[in-house]
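With positions in the sequence shown counted from 1, the corresponding number in the numbering used here is that position plus 10. Ideal Cβ positions, reconstructed from N, Cα and C, are used throughout, including at glycine. Given the structure is predicted, the values throughout are model-derived calculations rather than measurements. Scroll down for the structure; my scribbles are underneath it.
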Amino acid sequence: MREWRGERYVVPQLTVRVEDPNWILVRTLEILRERMRIAAAASVGEEVPEGEPSDVREAILKLLHEEGPLSEEQIVAEFSDSQRGAVLRALDRLMEEGLIYLDERGRYVVA
């Protein structure tokens, strides 16, 4: 993702023609599942990021901005052992949201 004049744009690393139209259905179901998770958490009164403090996410993004591409081990090493699970969940969530991606060497990069 890139930002220009306050608007975000998707910049793909790789473009592949999708032959199977069912992938549209898969993506629709992924979005629906995420919306249902958020709605369920809101109705119960929980915070939406389950076990994933926003400060961990922000710390990961800040680390990647400052240090550049890093491997999973390098990122996890910056946090305490008790936060390992939260860091891995945050990495997965950031990838799902498109804020970071894995480059060809397997390192996380800010999109």
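Beta carbon of residue i nearer than 9 Å to that of residue j
i	j	result
A121	G108	yes
L112	I70	no
L98	E77	no
P79	R37	no
Extent of the continuous alpha helix (DSSP H) to which residue i belongs
i	result
R18	R18 -> not in any alpha helix (DSSP H); beta strand (DSSP E) instead, spanning 17 to 19.
L73	64 to 77
V86	82 to 87
L112	No alpha helix (DSSP H) holds L112; the beta strand (DSSP E) holding it covers 110 to 112.
R147	Outside the shown range of the chain (11 to 121) lies residue 147, about which nothing can therefore be said.
Integer-rounded CB distance, given that residue j should sit under 8 Å from residue i
i	j	result
L74	V21	L74 to V21, Cβ: 16 Å. No contact.
Any non-hydrogen atom of the ligand SAH within 8 Å of residue i CB
i	result
S53	Because no ligand of any kind appears in the structure shown, any question about the ligand SAH cannot be addressed here.
Close beta carbons around residue i, own chain, < 8 Å, minus the five adjacent residues each side
i	result
R94	V86
L42	none
Sequence-distant residues of the same chain with beta carbon closer than 7 Å to residue i, five excluded per side
i	result
I110	L74, L104, Y118, V119, V120, A121
V6	For the chain, the structure presents residues 11 to 121; residue 6 sits outside this window and is missing.
Cβ neighbours of residue i in the same chain (closer than 6 Å, five flanking residues each side left out)
i	result
R67	A100
Extent of the continuous beta strand (DSSP E) to which residue i belongs
i	result
R12	12 to 14
V120	118 to 120
Q. Can we say the stretch 74 to 91 touches the stretch 41 to 51, given the rule of at least three CB pairs closer than 8 Å?
A. no
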